[in-house]
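**Q** Handing you a structure now.
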Amino acid sequence: MSFRRGVVRQSKFRHVFAQAWKAEHCLDDVRVTRVTWEGPLCAVNPKFMAVIIEAGGGGAFLVLPLTKSGRVDQSTPTVCGHAAPVLDVQWCPHDDNVIASASEDCTIKVSVVVILRGLDHKGINQERCWIWQVPDGGLTEPLTDASVTLEGHSKRVGILAWHPTALNILLTAGCDNVLCVWDVGTGELVYQLSDIHPDLIYSVSWSREGSVMCTTCKDKTLRVIDPRRGTVLKMRDKAHEGTRPMRAVFLADGKILTTGFSRMSERQLALWDTRDLSEPMAVQEIDTSNGVLLPFYDPDTNMVYLCGKGDCTIRYFEVTDESPYVHFLSLYSSKEPQRGAGFLSKRGVDVNKCEIARFYKLHERKVEPISMTVPRKSDLFQGDLYPDTAGSEPSLLAEDWIAGQDAPPVLVSMSGGYVAPPSKCSTLRGRPKQQPQSNSANSSGIGQSNAAIETENEGMEQVQVGRETEGAVERGKKEDDQLADILTEIRALRALVLAQGHRIDVLERQVARIEDGDV
2 MSFRRGVVRQ
12 SKFRHVFAQA
22 WKAEHCLDDV
32 RVTRVTWEGP
42 LCAVNPKFMA
52 VIIEAGGGGA
62 FLVLPLTKSG
72 RVDQSTPTVC
82 GHAAPVLDVQ
92 WCPHDDNVIA
102 SASEDCTIKV
112 SVVVILRGLD
122 HKGINQERCW
132 IWQVPDGGLT
142 EPLTDASVTL
152 EGHSKRVGIL
162 AWHPTALNIL
172 LTAGCDNVLC
182 VWDVGTGELV
192 YQLSDIHPDL
202 IYSVSWSREG
212 SVMCTTCKDK
222 TLRVIDPRRG
232 TVLKMRDKAH
242 EGTRPMRAVF
252 LADGKILTTG
262 FSRMSERQLA
272 LWDTRDLSEP
282 MAVQEIDTSN
292 GVLLPFYDPD
302 TNMVYLCGKG
312 DCTIRYFEVT
322 DESPYVHFLS
332 LYSSKEPQRG
342 AGFLSKRGVD
352 VNKCEIARFY
362 KLHERKVEPI
372 SMTVPRKSDL
382 FQGDLYPDTA
392 GSEPSLLAED
402 WIAGQDAPPV
412 LVSMSGGYVA
422 PPSKCSTLRG
432 RPKQQPQSNS
442 ANSSGIGQSN
452 AAIETENEGM
462 EQVQVGRETE
472 GAVERGKKED
482 DQLADILTEI
492 RALRALVLAQ
502 GHRIDVLERQ
512 VARIEDGDV
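Under the working numbering, the letters of the sequence shown match residues 2 to 520, in that order.
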């Protein structure tokens, strides 16, 4: 089944606007690795960005604060503990200072900023130290010694995937066709799946709760696997018939989205229902480029972004329950091709600018942020764009998941990142928050605003003395600013009144239902 690109349902994400940041906010002189591995080569969280770079005599990657911009000096400290090129890096979803790295030297190194103290399963007080030290301000010296090195693969390791809800659970895949599940808190190999994939593993993805995973392989087969039982639950041969690498990602509702190539080497996007993998729900032929499509999925908006290696575009789609299920929205296009891309976790986006996603595009020697925004006129927090998202708190301990428990992610509100715009006139009270308040509180706020206005008028009259012309111009400017602030406050109060009126209507209907029930 195929679907037409022009079919788009009414959606608040239909007009997502993508824009690259200005040159002064980019990172320059970053020597992005030239390794021929079909991975993103970059990982981003709300604190840091990690980029795999060229390094002589081993493997290294940069860890820089997101606030960093401009030229990156060649003497900038790196994480350089691997003996061979680094192929993948992934930040832990439960600690923004913890990062895992995989290398051609067949090892996995997990980096952490602090020593965790607690009780193990025997009740014995212990210290758990994982690996690299990544201070909040970034690295101050090169890191070469690892606290914990995970060794279990016989060939190079190219894929990492942290468990979405269980603390310290890390999945790795190597060129030895083996999947390993680790408890990085103890350095223990928990599960090893060595007889499932007959050929090179291209990608792995956990389900939303982390009970199962999906994988793609060089044998063109899509598999759904239960790692704790070591069994394949579902299989689909020739999910994409092309010989080029295919990738898969689990969606929030349990469906799977895959990217690959057709028999005629056309790039494809397909959607699968895990209850029946016999036929895809939707398939689209995208183009005839040969770059592997990297899918990045946002479970909050149910949007998928496709970044092709070597492409100059980023395409984005919305997945719905309505046919044709996958709706093409738009694409971002630039002049320079991307060598990789980092996708910022939702907790790091700027809600004040209605930013719903952010990419860090890797050029040959530059990292360029690209923001995806939904333009809105209002300055208020846009709750419909930001449903509760997965926070950093894990739902389970490692031993709970190993024992067979599953749990959904712990969600947090995005409204905590919203900051009301500051008042242009410092003596005026800022715009009130859209929260229920008593009449006395509203009256007090209006009184404060009026008092502030009077104070500002008095100040302007004093300025006029001795400087008639300049005073008149300055007063006119301040009056314009003051009027803008008053209008902003009136709009906020109006919204508050409407919200209270809606609440009163709801309460009246509830009372009416109760009275009808009594009768």
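Cβ atoms here follow ideal geometry from the backbone N, Cα and C, with glycine treated the same way.
Given the structure is predicted, the values throughout are model-derived calculations rather than measurements.
So, for Gln406: in the same chain, excluding its five sequence neighbours on each side, which residues have a beta-carbon less than 8 Å away from its beta-carbon?
**A** Start at 1 with the first residue of the sequence shown, and residue 406 comes out as number 405. Closer than 8 Å at the Cβ level, and outside the excluded window around Gln406, lie Leu397.
**Q** Between Lys239, Pro370, Val293, Ile487, which lies nearest to Pro281 when the distance is taken from Cα to Cα?
**A** What you label residue 281 is simply residue 280 of the sequence shown in a count that begins at 1. Of the candidates Lys239, Pro370, Val293, Ile487, the one whose C-alpha sits nearest the C-alpha of Pro281 is Lys239.
**Q** Leaving out five residues on either side along the sequence, give the residues of the same chain with a beta carbon under 7 Å from the beta carbon of Leu412.
**A** Taking the sequence shown and counting its residues from 1, one reaches residue 412 at position 411. Within the same chain, Leu412 has close Cβ partners Asp389, Thr390, Ala391, Gly392.
**Q** What is the DSSP secondary structure of Val512, counted as helix, strand or coil?
**A** The residue you call residue 512 lines up with position 511 of the sequence shown. Correct three-state label for Val512: helix.
**Q** Taking the alpha-carbon of Arg229 as reference, which of Cys181, Ser206, Lys235, Ser204 has the nearest alpha-carbon?
**A** As a first step, residue 229 is located in the sequence shown; it is residue number 228 there, counting from the start. Ranking the options by Cα distance to Arg229, first place goes to Cys181.
**Q** Are the beta-carbon atoms of Leu151 and Trp163 separated by less than 8 Å?
**A** Locating residue 151 in the sequence shown gives position 150, where the first residue counts as 1. Locating residue 163 in the sequence shown gives position 162, where the first residue counts as 1. Not closer than 8 Å, so no.
**Q** Is DSSP giving Glu39 helix, strand or coil here?
**A** Locating residue 39 in the sequence shown gives position 38, where the first residue counts as 1. Of the three classes helix, strand and coil, the one that applies to Glu39 here is coil, per DSSP.
**Q** Once the 5 residues before and after Leu168 are set aside, which same chain residues still bring their CB inside 8 Å of it?
**A** By one-based count along the sequence shown, residue 168 stands at place 167. Counting only Cβ-Cβ distances below 8 Å, and skipping sequence neighbours, we find His95, Gly186, Pro395, Leu397, Leu398, Ala399.
**Q** Mind pulling the alpha helix (DSSP H) runs of 4 or more residues that sit fully within the segment 154-186?
**A** Counting whole runs of 4 or more residues, the segment 154-186 contains no alpha helix (DSSP H) stretch at all.
**Q** To the nearest angstrom, how far is it from the Cα of Gly57 to the Cα of Thr34?
**A** Taking the first residue of the sequence shown as position 1, residue 57 is located at position 56. Taking the first residue of the sequence shown as position 1, residue 34 is located at position 33. Roughly 11 Å separates the two Cα atoms.
**Q** Cα separation between Val498 and Ile491?
**A** As a working note, residue 498 is residue 497 in the sequence shown. As a working note, residue 491 is residue 490 in the sequence shown. Val498 and Ile491: Cα-Cα distance of roughly 10 Å.
**Q** Give the straight-line distance between the Cα atoms of Gln193 and Glu242, rounded to the nearest whole angstrom.
**A** The sequence position of residue 193 within the sequence shown is 192, counting from 1. The sequence position of residue 242 within the sequence shown is 241, counting from 1. If you take the alpha carbons of Gln193 and Glu242, they lie about 29 Å apart.
**Q** Would Thr222 pass as a contact of Ile202 if the rule is Cβ separation under 8 Å?
**A** Taking the first residue of the sequence shown as 1, we reach residue 222 at position 221. Taking the first residue of the sequence shown as 1, we reach residue 202 at position 201. Not in contact: Thr222 and Ile202 (Cβ atoms no closer than 8 Å).
**Q** Flag this pair as touching only if the segment 331-348 and the segment 261-278 have three or more C-beta atom pairs under 8 Å; answer yes or no.
**A** The segment 331-348 vs the segment 261-278: no contact.
**Q** Using DSSP's beta-bridge definition, name the partner residues of Phe344.
**A** One-based indexing of the sequence shown puts residue 344 at position 343. Answer is Phe360, bridged to Phe344.
**Q** Looking at the unbroken beta strand (DSSP E) that takes in Glu210, where does it start and where does it end?
**A** Against the sequence shown, residue 210 aligns to sequence position 209. Unbroken run through Glu210: none, as it is neither H nor E.
**Q** In angstroms with no decimal places, state the Cα-to-Cα distance between Gly309 and Asp184.
**A** Counting from one through the sequence shown, the residue named residue 309 turns up at place 308. Counting from one through the sequence shown, the residue named residue 184 turns up at place 183. Near 33 Å, if we compare the C-alpha coordinates of Asp184 and Gly309.
**Q** What whole-angstrom Cβ distance do Ile160 and Ala101 have, given they're in contact under 8 Å?
**A** Walking along the sequence shown from the start, residue 160 turns up at place 159. Walking along the sequence shown from the start, residue 101 turns up at place 100. No, Ile160 and Ala101 are not in contact; Cβ-Cβ is about 11 Å, not under 8 Å.
**Q** In whole angstroms, what is the alpha-carbon distance linking Asp97 and Arg157?
**A** As a position in the sequence shown, residue 97 is number 96, starting the count at 1. As a position in the sequence shown, residue 157 is number 156, starting the count at 1. Approximately 26 Å between the Cα atoms of the pair.
**Q** Have a look at the DSSP bridge pairing and note the partners of Thr150.
**A** Taking the first residue of the sequence shown as 1, we reach residue 150 at position 149. BP columns for Thr150 point to Lys110.
**Q** Less than 7 Å between C-beta atoms, sequence neighbours within five positions excluded: which residues of the same chain meet that for Glu337?
**A** Locating residue 337 in the sequence shown gives position 336, where the first residue counts as 1. Excluding sequence neighbours, Glu337 sits near Cys313, His364.
**Q** In terms of alpha-carbon separation, which member of Val225, Glu356, Asp506 lies closest to Phe18?
**A** As a first step, residue 18 must be located in the sequence shown, where it is residue number 17. Checked all of Val225, Glu356, Asp506; the closest Cα to Phe18 is Glu356.
**Q** Measuring only the C-alpha atoms, how far is Gly255 from Gln285?
**A** In the sequence shown, the residue the question calls residue 255 occupies position 254. In the sequence shown, the residue the question calls residue 285 occupies position 284. If I take the Cα positions, the gap works out to 20 Å.
**Q** Would you say the beta carbon of Cys107 comes nearer than 7 Å to a heavy atom of the ligand ZN?
**A** As far as ligands go, the structure on display features none, and thus does not contain the ligand ZN.
**Q** Indicate whether the contact test is met: 3 or more Cβ pairs, each with one atom in the segment 374-385 and one in the segment 327-334, closer than 8 Å.
**A** At 8 Å Cβ cutoff, the stretches do not touch.
**Q** I believe Val36 touches Leu88 by the beta-carbon criterion, under 8 Å. Please report the beta-carbon distance rounded to the nearest angstrom.
**A** One-based indexing of the sequence shown puts residue 36 at position 35. One-based indexing of the sequence shown puts residue 88 at position 87. Yes, Val36 and Leu88 are in contact; Cβ-Cβ is about 6 Å, under 8 Å.
**Q** According to DSSP, is Gln501 helix, strand or coil?
**A** The residue labelled residue 501 in the question sits at position 500 within the sequence shown. Of the three classes helix, strand and coil, the one that applies to Gln501 here is helix, per DSSP.
**Q** Looking at C-alpha atoms only, which residue of His26, Phe62, Pro47 is the closest neighbour of Arg32?
**A** Against the sequence shown, residue 32 aligns to sequence position 31. Arg32 has its Cα closest to that of Phe62, out of His26, Phe62, Pro47.
**Q** Mapping the DSSP letters down to three states, classify Thr489 as helix, strand or coil.
**A** By 1-based counting over the sequence shown, the position of residue 489 is 488. DSSP places Thr489 in helix when its eight states are reduced to three.
**Q** I need the straight-line Cα distance from Val191 to Gly311, nearest angstrom please.
**A** Position 190 of the sequence shown, counted from the first residue, corresponds to residue 191. Position 310 of the sequence shown, counted from the first residue, corresponds to residue 311. Looking at the two C-alpha atoms, the distance is approximately 37 Å.
**Q** Please report how far the alpha carbon of Phe14 lies from the alpha carbon of Pro199, in whole angstroms.
**A** For this step, residue 14 is matched to residue 13 along the sequence shown. For this step, residue 199 is matched to residue 198 along the sequence shown. Taking the straight line joining both Cα atoms gives about 41 Å.
**Q** Does DSSP put Trp273 in a helix, a strand or coil?
**A** Within the sequence shown, residue 273 is the residue found at index 272, counting from 1. In this structure, Trp273 counts as strand in the three-state DSSP scheme.
**Q** Does Asp29 come out as helix, strand or coil in the three-state DSSP assignment?
**A** Looking up residue 29 in the sequence shown gives position 28. Residue state, collapsed to three classes: strand.
**Q** Rounded to whole angstroms, what's the CA-CA distance from Ile257 to Ser266? Just pull it up for me.
**A** As a working note, residue 257 is residue 256 in the sequence shown. As a working note, residue 266 is residue 265 in the sequence shown. Cα to Cα, the separation comes out at about 22 Å.
**Q** Going by DSSP in three states, Ile202 sits in which element: helix, strand or coil?
**A** Against the sequence shown, residue 202 aligns to sequence position 201. In the structure shown, Ile202 sits in a strand (DSSP, three-state: E or B).
**Q** With 16 as the cutoff for other CB atoms within 10 Å, does Leu294 come out buried or exposed?
**A** Taking the sequence shown and counting its residues from 1, the one referred to as residue 294 is at position 293. The residue in question, Leu294, is buried, as its Cβ has 16 or more Cβ neighbours within 10 Å.
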